[in-house]
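Numbering (full-length UniProt numbering), first residue to last: 1 to 278.
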């Protein structure tokens with residue numbers, strides 16, 4: 001099994017009082033300062049993940065596509081740089097409905113980006129975005145996100161399939177429910193040769209903030225307490241199993257491990273090396 005992080009871009013996110021619902025601006029700035037980061041803003045990266053198993057090409061999420069362009073739209077270039085032909089992708093596993101995860105599955109005209117792929121989408125999430133009453137209760141931006149996701153998914157017709165918690169999606173790849181950020185959010189667990197990798201999607205976002213402070217409720221989480229419980233569970237699982245973790249909004253190459261230091265979770269990024277340099 002070979003796993004590749006694909007870089008889709010980044011945006012500058014200003015540090016504001018309303019970013020964390022249950023922490024003060026001072027607490028947020030202190031956490032950034034402890035990570036040797038500016039206290040006024042941070043650069044929020046966007047990535048998605050390619051997996052190759054015995055010649056099969058699989059994506060976990062698909063980047064933003066046209067939905068957040070031109071701010072974030074490097075996914076196609078990242079795939080080309082990795083030598084990954086969209087026509088060769090057999091399976092796309094989506095963690096949830098937000099545009100930086102589903103946008104890349106189809107172009108602005110509704111044509112599938114991956115014409116030979118089956119797209120897998122969480123069944124709980126699918127039911128949610130097709131529930132008019134539930135969607136109408138969302139903030140306007142999230143209503144737009146749900147509409148965009150429905151349009152993108154519709155490009156796949158019978159090649160769109162739904163999956164549930166615990167389902168085996170491919171050899172060595174298993175779905176793991178991680179609700180809170182969205183109602184049906186899924187993480188994806190990869191196992192190969194005794195190693196474990198958890199692709200957490202947005203269940204854990206910017207690690208300098210949310211690994212040491214798993215109790216913080218970010219404004220983008222649909223259900224803060226549920227997202228907190230999920231985050232704590234994922235961090236414990238990763239720490240106790242020595243699993244690697246990949247997060248969509250982790251700084252590139254977006255992979256590392258979790259450990260406990262002075263009673264708090266901490267994140268250690270995987271060392272990035274130049275393969276050509278040995």
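Just so you know, even glycine gets a beta-carbon here, dropped at the ideal spot from N, CA and C. The model shown is predicted, which means the values in this text are computed figures rather than measured ones.
First through last residue of the beta strand (DSSP E) which encompasses residue i
i, result
"residue 160", "160–163"
"residue 91", "89–93"
"residue 176", "173–177"
"residue 79", "Here residue 79 belongs to no beta strand (DSSP E); instead the alpha helix (DSSP H) covers 75–81."
"residue 267", "264–269"
"residue 241", "Counting along the chain, residue 241 falls outside any beta strand (DSSP E), though it belongs to the alpha helix (DSSP H) covering 224–241."
"residue 259", "255–261"
Nearest neighbour of residue i, chosen from the options [CA to CA]
i, options, result
"residue 220", "49, 121 and 97", "97"
"residue 107", "65, 69 and 115", "65"
"residue 101", "49, 168 and 77", "49"
"residue 240", "11, 247 and 232", "232"
"residue 57", "116, 210 and 145", "116"
"residue 166", "91, 190, 15 and 83", "190"
"residue 82", "162, 3, 19 and 245", "3"
Whether residue i touches residue j by CB criterion (8 Å)
i, j, result
"residue 198", "residue 238", "yes"
"residue 200", "residue 234", "yes"
"residue 230", "residue 208", "no"
"residue 253", "residue 272", "yes"
"residue 119", "residue 105", "yes"
"residue 13", "residue 44", "yes"
"residue 212", "residue 24", "no"
"residue 184", "residue 122", "yes"
"residue 186", "residue 170", "no"
"residue 222", "residue 256", "no"
"residue 267", "residue 42", "no"
"residue 157", "residue 74", "no"
"residue 249", "residue 19", "no"
Which of helix, strand or coil DSSP assigns to residue i
i, result
"residue 8", "strand"
"residue 191", "strand"
"residue 170", "strand"
"residue 3", "strand"
Cβ-Cβ separation, residue j to residue i (assumed contact under 8 Å), whole Å
i, j, result
"residue 89", "residue 188", "Not a contact, Cβ separation roughly 15 Å."
"residue 53", "residue 1", "5 Å"
"residue 110", "residue 62", "Actually they do not touch by this definition, with Cβ atoms about 15 Å apart."
"residue 99", "residue 138", "14 Å between Cβ atoms; not a contact."
Start and end residues, alpha helix (DSSP H) containing residue i
i, result
"residue 129", "123–129"
"residue 34", "25–34"
Closer than 8 Å to chain B by CB, residue i
i, result
"residue 232", "Of the protein chains in this structure there is only one, and it is not chain B."
beta-carbon residue i near the ligand COA non-hydrogen atom, thresh 7 Å
i, result
"residue 156", "The ligand content of the structure shown is nil, which means the ligand COA is not present either."
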